[in-house]
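Residue numbers (the UniProt record's numbering): 1 to 177.
If you want it as C-alpha coordinates, here you go:
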(Lines of atoms letter the chains of each structure in order from A and count residues from 1; the text may use other names and numbers.)
(Lines give C-alpha, C1' and ligand atoms only; values in the text may rest on other atoms or scores of the structure.)
Protein backbone atom coordinates (compact mmCIF):
# COMPACT_ATOMS: atom_id res chain seq x y z
CA UNK A 1 0.00 0.00 0.00
CA UNK A 2 0.90 3.63 -0.30
CA UNK A 3 -0.53 6.95 0.71
CA UNK A 4 -2.93 8.05 -2.04
CA UNK A 5 -1.80 10.89 -4.24
CA UNK A 6 -4.29 13.58 -5.08
CA UNK A 7 -4.82 15.90 -8.02
CA UNK A 8 -7.70 18.25 -8.64
CA UNK A 9 -9.81 16.85 -11.44
CA UNK A 10 -12.85 18.45 -13.04
CA UNK A 11 -15.50 15.89 -14.00
CA UNK A 12 -18.75 16.90 -15.64
CA UNK A 13 -22.03 15.25 -16.60
CA UNK A 14 -21.91 11.42 -16.77
CA UNK A 15 -18.49 11.23 -15.08
CA UNK A 16 -19.94 12.52 -11.79
CA UNK A 17 -20.67 10.01 -8.99
CA UNK A 18 -18.91 7.15 -10.79
CA UNK A 19 -16.38 6.58 -8.00
CA UNK A 20 -16.20 6.95 -4.24
CA UNK A 21 -13.39 7.84 -1.83
CA UNK A 22 -10.84 5.05 -1.66
CA UNK A 23 -11.47 3.75 -5.18
CA UNK A 24 -8.48 3.34 -7.43
CA UNK A 25 -9.22 5.01 -10.75
CA UNK A 26 -7.66 5.74 -14.13
CA UNK A 27 -8.49 9.20 -15.48
CA UNK A 28 -7.96 10.31 -19.05
CA UNK A 29 -8.14 14.03 -19.68
CA UNK A 30 -6.41 17.28 -20.45
CA UNK A 31 -3.77 18.42 -17.98
CA UNK A 32 -4.06 22.20 -17.85
CA UNK A 33 -3.70 25.16 -15.54
CA UNK A 34 -6.38 27.10 -13.72
CA UNK A 35 -6.25 30.64 -12.37
CA UNK A 36 -6.22 30.43 -8.57
CA UNK A 37 -7.67 33.71 -7.29
CA UNK A 38 -7.26 32.95 -3.59
CA UNK A 39 -3.52 32.37 -3.97
CA UNK A 40 -3.11 35.53 -6.04
CA UNK A 41 -4.37 37.79 -3.25
CA UNK A 42 -1.74 36.40 -0.89
CA UNK A 43 1.22 36.32 -3.27
CA UNK A 44 0.66 39.53 -5.22
CA UNK A 45 1.57 37.93 -8.56
CA UNK A 46 -0.33 35.51 -10.82
CA UNK A 47 -0.44 31.96 -9.48
CA UNK A 48 -1.90 29.09 -11.46
CA UNK A 49 -2.94 25.68 -10.15
CA UNK A 50 -2.85 22.61 -12.38
CA UNK A 51 -5.99 20.52 -12.91
CA UNK A 52 -7.14 17.64 -15.08
CA UNK A 53 -10.21 18.22 -17.25
CA UNK A 54 -11.48 14.64 -17.30
CA UNK A 55 -13.10 13.12 -20.35
CA UNK A 56 -12.91 9.42 -19.39
CA UNK A 57 -12.86 7.51 -16.10
CA UNK A 58 -12.25 3.84 -15.32
CA UNK A 59 -12.80 2.51 -11.80
CA UNK A 60 -10.43 -0.38 -11.13
CA UNK A 61 -12.58 -3.21 -9.86
CA UNK A 62 -11.96 -6.19 -7.62
CA UNK A 63 -13.00 -8.37 -10.58
CA UNK A 64 -9.53 -7.75 -11.99
CA UNK A 65 -8.09 -9.47 -8.92
CA UNK A 66 -10.43 -12.44 -9.31
CA UNK A 67 -9.28 -12.89 -12.92
CA UNK A 68 -5.70 -13.32 -11.69
CA UNK A 69 -6.63 -16.36 -9.55
CA UNK A 70 -5.38 -19.70 -10.82
CA UNK A 71 -7.52 -22.84 -11.03
CA UNK A 72 -5.63 -24.20 -8.03
CA UNK A 73 -6.49 -21.07 -6.02
CA UNK A 74 -10.17 -21.37 -6.92
CA UNK A 75 -10.30 -25.07 -5.96
CA UNK A 76 -8.62 -24.29 -2.62
CA UNK A 77 -11.15 -21.53 -1.93
CA UNK A 78 -14.07 -23.83 -2.79
CA UNK A 79 -12.65 -26.56 -0.54
CA UNK A 80 -12.28 -24.11 2.36
CA UNK A 81 -15.82 -22.79 1.83
CA UNK A 82 -17.22 -26.25 2.63
CA UNK A 83 -15.39 -26.42 5.98
CA UNK A 84 -17.90 -25.92 8.82
CA UNK A 85 -15.14 -24.43 11.02
CA UNK A 86 -14.04 -21.83 8.44
CA UNK A 87 -14.89 -18.86 10.68
CA UNK A 88 -12.77 -20.22 13.51
CA UNK A 89 -9.92 -21.05 11.11
CA UNK A 90 -9.95 -17.52 9.69
CA UNK A 91 -9.89 -15.96 13.17
CA UNK A 92 -6.99 -18.24 14.17
CA UNK A 93 -5.06 -17.25 11.04
CA UNK A 94 -5.16 -13.53 11.93
CA UNK A 95 -1.80 -12.67 13.52
CA UNK A 96 -1.09 -16.27 14.60
CA UNK A 97 2.01 -15.22 16.55
CA UNK A 98 -0.20 -13.31 19.02
CA UNK A 99 -1.89 -15.47 21.67
CA UNK A 100 -5.51 -14.77 22.62
CA UNK A 101 -7.33 -11.56 21.70
CA UNK A 102 -9.99 -13.54 19.81
CA UNK A 103 -12.47 -10.65 19.66
CA UNK A 104 -9.84 -8.34 18.18
CA UNK A 105 -8.85 -11.00 15.65
CA UNK A 106 -12.52 -11.52 14.70
CA UNK A 107 -13.00 -7.77 14.21
CA UNK A 108 -9.87 -7.55 12.06
CA UNK A 109 -10.99 -10.54 9.97
CA UNK A 110 -14.40 -8.93 9.40
CA UNK A 111 -12.75 -5.65 8.42
CA UNK A 112 -10.42 -7.44 5.98
CA UNK A 113 -13.27 -9.31 4.31
CA UNK A 114 -15.61 -6.33 4.26
CA UNK A 115 -19.29 -6.57 3.50
CA UNK A 116 -21.96 -5.60 1.03
CA UNK A 117 -23.20 -2.00 1.01
CA UNK A 118 -26.92 -1.65 1.65
CA UNK A 119 -29.49 0.90 0.54
CA UNK A 120 -32.61 0.25 2.66
CA UNK A 121 -35.71 1.67 1.04
CA UNK A 122 -33.55 3.59 -1.45
CA UNK A 123 -33.24 6.33 1.20
CA UNK A 124 -29.60 6.27 2.28
CA UNK A 125 -26.56 4.15 1.64
CA UNK A 126 -24.91 2.11 4.39
CA UNK A 127 -21.28 1.15 3.82
CA UNK A 128 -20.49 -2.53 3.92
CA UNK A 129 -17.03 -1.97 5.36
CA UNK A 130 -16.28 -1.44 9.05
CA UNK A 131 -13.58 0.48 10.85
CA UNK A 132 -11.63 -1.01 13.73
CA UNK A 133 -10.33 1.05 16.64
CA UNK A 134 -7.76 -0.62 18.89
CA UNK A 135 -7.24 1.01 22.27
CA UNK A 136 -5.25 -0.43 25.11
CA UNK A 137 -2.30 -0.30 27.43
CA UNK A 138 1.23 -0.31 26.04
CA UNK A 139 2.48 -3.79 25.20
CA UNK A 140 -0.91 -5.27 24.24
CA UNK A 141 0.06 -6.04 20.62
CA UNK A 142 -1.87 -3.20 18.95
CA UNK A 143 0.99 -2.34 16.58
CA UNK A 144 1.60 -6.01 15.76
CA UNK A 145 -2.05 -6.38 14.71
CA UNK A 146 -1.73 -3.30 12.50
CA UNK A 147 1.49 -4.58 10.92
CA UNK A 148 -0.23 -7.91 10.20
CA UNK A 149 -3.11 -6.11 8.46
CA UNK A 150 -0.65 -4.01 6.46
CA UNK A 151 0.92 -7.20 5.08
CA UNK A 152 -2.45 -8.84 4.34
CA UNK A 153 -4.41 -5.97 2.77
CA UNK A 154 -2.97 -4.82 -0.55
CA UNK A 155 -4.04 -1.17 -0.12
CA UNK A 156 -3.27 -0.81 3.58
CA UNK A 157 -0.93 1.92 4.79
CA UNK A 158 0.68 1.71 8.23
CA UNK A 159 1.00 5.01 10.04
CA UNK A 160 1.57 6.14 13.59
CA UNK A 161 0.12 8.99 15.57
CA UNK A 162 3.44 10.69 16.25
CA UNK A 163 2.91 13.26 13.52
CA UNK A 164 -0.83 13.63 14.02
CA UNK A 165 -2.59 16.32 15.98
CA UNK A 166 -4.44 15.55 19.20
CA UNK A 167 -7.73 16.21 17.42
CA UNK A 168 -6.87 13.57 14.84
CA UNK A 169 -6.37 10.98 17.56
CA UNK A 170 -9.57 11.71 19.50
CA UNK A 171 -12.28 9.07 19.42
CA UNK A 172 -15.88 9.80 20.32
CA UNK A 173 -18.38 7.05 21.04
CA UNK A 174 -22.07 7.51 21.74
CA UNK A 175 -25.06 5.22 21.84
CA UNK A 176 -27.57 5.44 18.99
CA UNK A 177 -30.96 6.79 20.14
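Note that CB positions come from ideal geometry on N, CA and C, so glycine has one too. These numbers were taken from a predicted model, which means no experiment stands behind them.
With respect to the C-alpha of residue 107, the residue from 11, 14, 146, 30 having the closest C-alpha is 146. The residue from 109, 11, 59 with its alpha-carbon nearest to that of residue 92 is 109.
According to the DSSP assignment, residue 102 belongs to the alpha helix (DSSP H) that extends over 102-113. For the options 118, 132, 113, 127, the alpha carbon positioned closest to that of residue 154 is the one of 113.
One alpha carbon belongs to residue 103, the other to residue 134, and they sit about 11 Å apart.
Residues of the same chain with a CB within less than 8 Å of the CB of residue 60, apart from the 5 flanking positions on each side, are 23, 24, 25, 26 in chain order. When rounded, the separation of the alpha-carbon atoms in residue 101 and residue 126 is 28 Å. About 6 Å separates the Cβ atoms of residue 31 and residue 52, confirming a contact at the 8 Å cut-off.
In the DSSP assignment, residue 48 falls within the unbroken beta strand (DSSP E) covering 48-59. Assignment of beta-bridge partners to residue 33 by DSSP yields 50.
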